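Here the protein sequences come in this chain order: A and B. In case it helps, the working numbering puts the first sequence at residues 1 to 835. In case it helps, the working numbering puts the second sequence at residues 1001 to 1127.
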Amino acid sequence: MTRIIVVGNGMVGLKFCEKLISRSADFEIIVYGEEPRPAYDRVHLSSFFSGSSAEDLLLTPYSWYESNKIKLLTGELVTSIDRNEKAVQTHSGRKDHYDILVLATGSSAFVPNIEGVERNGVFVYRTIEDLIQIRDYASKIKKAVVIGGGLLGLEAAKAMIDLRLETHVVEFAQRLMPRQVDDDGSAILVNKLQQLGIQVHINKSTSRIEGNGKLEGLTFSNGTSIDADMLVISAGIRPRDELAKNSGLNVHQRGGILVDDFMKTNDENIFAIGEAVCHNNMVYGLVAPGYEMAEVVVRQLVNDHIKPFKGFDMSTKLKLLGVDVGSFGDAFGETPGSIPIALKDNRNGVYKRVNISSDGKFLLGGILVGDAAQYHLFHQMVANKIPLPNQPESLIFGTSSKTDETSGVKNLPDSAQICSCENISKGDLVFQIAQSGVTTLDGLKKNTKACTGCGGCAPMVNDILKITLESLGHKVKKTLCEHFDYSRQELFGIIKVKELRTFNQVLDSHGRGDGCEVCKPAVASLLASIWNEPIMQQPTIQDTNDRYLANIQKGGSYSVVPRIAGGEITPDKLMAIGRIAQKYNLYTKITGGQRIDMFGARVDQLPSIWAELIEEGFESGHAYGKALRTVKSCVGSTWCRFGVQDSVAYAIFIENRYKGLRAPHKIKGAVSGCIRECAEAQSKDFGIIATEKGWNLYVCGNGGARPQHAKLLVNDVDMETCTKLIDRFLMFYIRTADPLTRTATWLNKMEGGLDYLREVIIDDKLGICDLLEKEMKELIEGYHCEWKKVVDDPELQKQFKHFINSDDTDPTLSFVEVREQKLPSNWNEMRDKNK
Amino acid sequence: MEILNQLRTHAAENLCEIKIWFRAAHISDFPENGGACIKYKDLQIAVFNFSRRNEWYACQNLCPHKMQMVLSRGMIGSTDGDPKIACPFHKKTFSLLNGQCLNGEEEKISVFPVKVEDGFIYIGFTK
Chain A
1 MTRIIVVGNG MVGLKFCEKL ISRSADFEII VYGEEPRPAY DRVHLSSFFS
51 GSSAEDLLLT PYSWYESNKI KLLTGELVTS IDRNEKAVQT HSGRKDHYDI
101 LVLATGSSAF VPNIEGVERN GVFVYRTIED LIQIRDYASK IKKAVVIGGG
151 LLGLEAAKAM IDLRLETHVV EFAQRLMPRQ VDDDGSAILV NKLQQLGIQV
201 HINKSTSRIE GNGKLEGLTF SNGTSIDADM LVISAGIRPR DELAKNSGLN
251 VHQRGGILVD DFMKTNDENI FAIGEAVCHN NMVYGLVAPG YEMAEVVVRQ
301 LVNDHIKPFK GFDMSTKLKL LGVDVGSFGD AFGETPGSIP IALKDNRNGV
351 YKRVNISSDG KFLLGGILVG DAAQYHLFHQ MVANKIPLPN QPESLIFGTS
401 SKTDETSGVK NLPDSAQICS CENISKGDLV FQIAQSGVTT LDGLKKNTKA
451 CTGCGGCAPM VNDILKITLE SLGHKVKKTL CEHFDYSRQE LFGIIKVKEL
501 RTFNQVLDSH GRGDGCEVCK PAVASLLASI WNEPIMQQPT IQDTNDRYLA
551 NIQKGGSYSV VPRIAGGEIT PDKLMAIGRI AQKYNLYTKI TGGQRIDMFG
601 ARVDQLPSIW AELIEEGFES GHAYGKALRT VKSCVGSTWC RFGVQDSVAY
651 AIFIENRYKG LRAPHKIKGA VSGCIRECAE AQSKDFGIIA TEKGWNLYVC
701 GNGGARPQHA KLLVNDVDME TCTKLIDRFL MFYIRTADPL TRTATWLNKM
751 EGGLDYLREV IIDDKLGICD LLEKEMKELI EGYHCEWKKV VDDPELQKQF
801 KHFINSDDTD PTLSFVEVRE QKLPSNWNEM RDKNK
Chain B
1001 MEILNQLRTH AAENLCEIKI WFRAAHISDF PENGGACIKY KDLQIAVFNF
1051 SRRNEWYACQ NLCPHKMQMV LSRGMIGSTD GDPKIACPFH KKTFSLLNGQ
1101 CLNGEEEKIS VFPVKVEDGF IYIGFTK
């Protein structure tokens, strides 16, 4: 058996072991690690400060080494190599023979030679031990300075923010991340960091660390200075090559064990991999090249598909403090003749730069800050020399819509590497899809391991899946989730025809598994839209607001909205709301839908609040449901000198007609009494505007994130016709829309659009109008107030308790007083307090 | 995070570490295919009744995303057959087998063993 000694138990050393044992059992592996614990995830080191423990960061536990028969010795520093005897010796005097030696000694933090660097309060940012020291020291101080504005430095800065310290970053170069982004990209990044509370000082060379015993500040070479309680140095790495050097192995003059393309040192029995290595004048401070080096060595040892290490593309995409940064190919346009095209958007904090070849045919590289969604596509375009479009500027100035992206994927050659973590090409994926018959992203992930590393390639893998399935003649079907192979519209038909009444019946007969947070509320909505039975009969398939018939708010309290149809309310009822809100100490606010929301109720208070509201003549406003919310109105012809019809009366009629109606999403309506449109009816799912001759009906508008004006369906119809058309319109929507789709999106996706909708609900092209009206009539007749169901049924009230084994209320509920009312304690503050 | 560490010190890695089986409530106190919150000392524990599979699971009631005491009010379900809970606030989902966040990078939650005896639910704690 060949005896292999690995010196170094870091990420690359461990990866080497994993790769070797997965290929062969013919090796005896002994690993020496200098640190006290086994290999941990150094890439995510800063998560130590956002809650991960040292154990969480471990890549594998001790037991993994045992069960794979790897002998691991931690806390043992190898101090010398006797190359003639082929043996290593450790600081404790232990001697060990090897046949093959693999040096994965990694790197250490680079500490610049600054006067005062030995003072207390100066740290490097490299190991878990460093982090423990930083954390302990940080508890006593306020202000931290990080030297180094590169990748590692910004990681350290994030850690300082997580430790709730005033944080400053000092960078010697004229920009942040000097190896990845240019000056303009850095400017955007600086802006973003400052918004996060990090002060950035570029172009500053530190000449002295001030203080007396412990540090008190930094002086820069230009004479300026800054106070500091702690200094973290994260200014780069230096390869740990001292062991190799002392053993007569060749090292680079600037550091790094010299290796050939097969990771061999000048001793044929000794390999070196990872950050300790200098290959072709390059030291790689990233983990991916180290993994590739491990692969190169393992293939030689098992003598299978031997390949050389050809250097490594240093393109990177990462999220730093929530800001996306991507840098790929020739990022700085150093290729002769290359032409840069850049977009600098200070408002949105986005910088995009692409460098194209002098003939305008190919993309050479580029930089993305603030929005790196196109990184993978661009990176592929560079790697595979995909011809540029005629107007290459459209790459960054055009909208990066989905269709562009899929066409981009379509043009990739089969050799294009899609998943760089697992080294999977487009051809591999297409082959798998065609051979194995997978139709879902999850299935493809399982078969190929694509997207299982960083996950960054998931959008491209999904596009490839879609395109390949389409090319194979599959119709890509919209199913609810993994538990149902049906679309919402298909399930509507199934539930209705088979007369299914409960989620369990639907799941047993047409689904599989246990259901989930996607299909349960979708089926609950269908059951409510079809049978209109009290949703309280199946509380645990409802979204939380429906389950508790109130809206959950920050802190875990609920808000209560009684129906005030059309926004019309008597003084007595207004006073009743005031009295009840006062009694239960609720925050009150007028909503956008012309009613009153009462916030801050504990879950156990809900039934008694409802009981008092019902006593005063109120009923549920369904503010918690995907259901009809409000029908807003202007004051109309009764009072207004411009009004031409009684909009209030019509709004009240309509709101009461559809109250309790459950739909794929919330529905809002409005009625305006004249063309001035004070009720804003054209921004509603259905909007009615009075004319001299009758009413105009608009449909499929909404406000929200993407506002859309409603479209005119018919004009100058009488009230009866208008109401009938709304009946048909809403029922058709309820029957055919996907889950959580507002009417505007539903219409946008509808083939044939508004014309088709008119054909169905006005011309009755499908012959279903009678059915739609009949179904709506049944729903209207089946109306019940859901609150009353609970108030009348002590059994249902039982679940309105925070604890089932105690009458205590939730002790974490907490409020503050602002503007003479209570508000929930800020949840970010709460979160921080608990840290 | 103090509050999470406090939960972790109560959660057992394996069953032999259990020191206390706390009698939480009667089976009939829990909704079918859903959860409820129980109080043990200063802890809030979410207990879930997977009636369809005749299984019970327990985890911390605190969602680590926004530090809200709400997981017991969430919807239960499964992914590839493994039981999970979705937080009602932002639908972050967590495995009830190991507490891992399944659709994000949230902290792992603590899970607790459950046993059923004579119609009562018992939750296992290390102290």
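Every residue, glycine too, gets a C-beta built ideally from N, C-alpha and C. A quick note: this is a predicted structure, and the numbers were derived from the prediction, not measured.
Query raised in the report: Going by Cα to Cα distance, which pick from A:I257, A:E35, A:K204 and A:Y291 is closest to C17 of chain A?
Result: A:Y291
Requested in this report: Could you tell me whether any Cβ in chain B is nearer than 8 Å to the Cβ of D485 of chain A?
Outcome: no
Query raised in the report: Which one of B:M1067, B:F1030 and B:K1115 has the shortest CA to CA distance from T540 of chain A?
Result: B:F1030
Query raised in the report: Does the beta carbon of P539 of chain A come closer than 8 Å to any beta carbon on chain B?
Result: yes
Query raised in the report: Just the Cα atoms here: how many angstroms apart are Q682 of chain A and D359 of chain A?
Result: 51 Å
Query raised in the report: Got a sec: is the Cβ-Cβ distance from N1054 of chain B to anything in chain A below 8 Å?
Result: no
Report task. Report the rounded CA-to-CA distance for T403 of chain A versus D304 of chain A, giving the unit in angstroms. Result -> Because the pLDDT at T403 of chain A is just 40, under 50, the model does not fix this residue reliably, and the point stays unresolved.
Query raised in the report: Out of curiosity, what's the CA-to-CA distance linking L1062 of chain B and P1113 of chain B?
Result: 17 Å
Query raised in the report: Which residues share a DSSP beta bridge with S620 of chain A?
Result: A:P562
Query raised in the report: Which parts of the region 275-341 of chain A are runs of the beta strand (DSSP E), unbroken and 3 residues or longer, counting only runs that do not cross its ends?
Result: 316-320 and 323-329
Report task. Identify, in the order they occur along the chain, each residue of the same chain with its Cβ nearer than 8 Å to the Cβ of P112 of chain A, setting aside the five sequence neighbours on each side. Result -> I147, T206, I233 and A235
Query - Chain-ordered neighbours of D1029 of chain B on chain A, where CB pairs are closer than 7 Å - result: I804
Query raised in the report: Apart from the five residues on each side of it in sequence, which residues of its chain come closer than 7 Å, Cβ to Cβ, to Y584 of chain A?
Result: A601, Q605 and I609
**Report entry** Within-8 Å CB hit, P1088 of chain B to chain A
**Finding:** yes
Requested in this report: Provide the residue(s) that pair with F27 of chain A in DSSP beta bridges, ordered along the chain.
Outcome: A:T2
Query raised in the report: What are the boundary residues of the beta strand (DSSP E) that includes A690 of chain A?
Result: F686 to A690
Report task. Look up G106 of chain A in the DSSP assignment and say whether it is helix, strand or coil. Result -> coil
Query raised in the report: Which first and last residues belong to the beta strand (DSSP E) in which I609 of chain A is found?
Result: It is not in any beta strand (DSSP E) - I609 of chain A instead sits in the alpha helix (DSSP H) that spans L606 to E615.
**Report entry** Beta-bridge partners of F1120 of chain B, as assigned by DSSP
**Finding:** B:H1026 and B:E1117
Query raised in the report: Between T741 of chain A and chain B, is there a C-beta pair that is closer than 8 Å?
Result: no
Query raised in the report: Would a check of beta-carbon distances place E155 of chain A closer than 8 Å to chain B?
Result: no
Requested in this report: Over the uninterrupted alpha helix (DSSP H) stretch that includes F492 of chain A, give me the two end residues.
Outcome: R488 to K498
Query - Sequence ranges, alpha helix (DSSP H) only - wholly within the region 45-131 of chain A, length at least 4 - result: 54-57 and 62-67
Requested in this report: Quick one: list the residues of chain B neighbouring E28 of chain A, beta-carbon separation under 8 Å, in chain order.
Outcome: Within 8 Å Cβ-Cβ: nothing; E28 of chain A doesn't reach chain B, min ~31 Å.
Report task. Round the Cβ separation of T79 of chain A and R240 of chain A to the nearest angstrom and send it over; I've been treating them as touching at under 8 Å. Result -> With a Cβ gap of about 13 Å, T79 of chain A and R240 of chain A do not count as contacting.
Query raised in the report: What residues of chain A sit near A1058 of chain B, judged by a beta carbon separation below 8 Å?
Result: Within chain A, no residue comes near A1058 of chain B; the closest Cβ sits about 13 Å away, beyond 8 Å.
Query raised in the report: Would you call H709 of chain A buried or exposed, if buried means 16 or more other Cβ atoms sit within 10 Å of its Cβ?
Result: exposed
Report task. Tell whether a beta-carbon distance below 8 Å holds between I141 of chain A and R208 of chain A. Result -> no
Report task. Compare the Cα-Cα distances from T335 of chain A to each of A:F362, A:F729 and A:T316 and report the closest residue. Result -> A:F362
Query raised in the report: Based on the DSSP output, what are the partners of L823 of chain A in its beta bridges?
Result: A:V816
Report task. Using three-state DSSP, classify Q682 of chain A as helix, strand or coil. Result -> helix
Query raised in the report: Which of the three DSSP states, helix, strand or coil, is assigned to Y1057 of chain B?
Result: strand
Query - Secondary structure of S806 of chain A, DSSP reduced to three states - result: coil
Report task. Compute the Euclidean distance between the alpha carbons of I356 of chain A and M177 of chain A, then round it to the nearest angstrom. Result -> 22 Å
Report task. Taking C-beta pairs closer than 7 Å, name the residues in chain A that F1120 of chain B reaches, listed in chain order. Result -> Residues of chain A passing the Cβ test: none, with the nearest at roughly 11 Å.
Query - Residues of the region 781-802 of chain A whose Cβ lies closer than 9 Å to any Cβ of chain B, in chain order - result: K798, Q799, K801 and H802
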